[in-house]
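Numbering (my numbering), first residue to last: 241 to 418.
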C-alpha cells in the first residue's frame with residue numbers, strides 16, 4: 241500500500257484530486273451561504289480558511305509532484321491545514337452543543353486573521369463572518385455541518401499521514417525483481 245501511495249503521490253493526478261475536493265468543499269460552502277442564505281459564523285470562516293490551506297497545499301504538490309521536497313512541504317501543509325480545520329470544526333461543534341443544552345455563547349463579530357494574511361479583507365465574500373456562532377441551520381443524517389467537517393478533516397489528516405509515511409518507502413526500480 242505504501243509503495244502504491246508513494247507512486248501515486250508522485251503523479252499530478254493525486255494532487256489534482258486533492259485540489260478538486262477542497263474546491264468542492266469551498267463551492268459547497270458558498271452555495272450554503274449565497275444559495276441557501278446560511279450566513280457563516282466566525283468558526284465557519286476559520287474552517288473555510290483551513291480548506292483553503294488544503295487547496296494551497298494541493299496546488300504546491302501539483303506544481304512539482306516528482307520533487308521529494310515539494311511533496312513533503314505540500315503533504316505537511318495539507319496535514320497542518322487538516323488538523324487546524326478539525327480543531328475549528330470541533331470548537332464549533334462544542335459551541336453548538338453548549339447552545340443546544342441551553343447555554344450561551346457569543347463569538348467575535350470580526351475575523352481575527354494575522355496582519356500578514358487578512359483573508360477577510362482580501363476576499364470578504366468568502367472569509368467575512370456574517371452569522372452567529374452555534375446556530376444549527378442545516379443537518380444531514382442527524383449531524384450538523386460542524387460534525388460533518390470534523391469527519392472530513394479527520395479523513396484528510398489520515399490520508400495526509402499515510403502519504404507522508406509512504407515517502408519513506410524505497411521504491412523498487414529493478415524490473416527483474418518482483
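From the three backbone atoms N, C-alpha and C, an ideal C-beta is built for every residue, glycine too.
- Using a 10 angstroms sphere on the CB of residue 282, the tally of other CB atoms reaches 16 or more, which defines it as buried.
- Looking only at 337, 249, 265 and 331, the smallest Cα-Cα distance to residue 300 is reached by 249.
- Counting the other Cβ atoms within 10 Å of the Cβ of residue 311 gives 16 or more, which makes it buried.
- The three-state secondary structure of residue 348, taken from DSSP, is coil.
- Per DSSP, residue 331 is one residue of the alpha helix (DSSP H) stretching across 308-340.
- Of the other Cβ atoms in all chains shown, fewer than 16 fall within 10 Å of the Cβ of residue 247; this residue is therefore exposed.
- With contacts defined as CB atoms closer than 8 Å, residue 293 and residue 324 qualify as a contacting pair.
- Burial is judged here by how many other beta carbons sit within 10 angstroms of a residue's own beta carbon; residue 276 has fewer than 16 and is exposed.
- Apart from sequence neighbours up to five positions away, the residues of its chain that approach residue 401 with a beta-carbon distance below 7 Å are 319, ordered along the chain.
- Residue environment: residue 390 is assigned as buried (16 or more neighbouring CB atoms within 10 Å of its CB, all protein chains considered).
- Excluding sequence positions up to five before and after residue 404, its CB lies within less than 8 Å of the CB of 312, 315, 316 and 319, all in the same chain and listed in chain order.
- Closest in alpha carbon position to residue 335, among 385, 365, 244 and 243, is 385.
- Annotated three-state conformation of residue 400 is helix, per DSSP.
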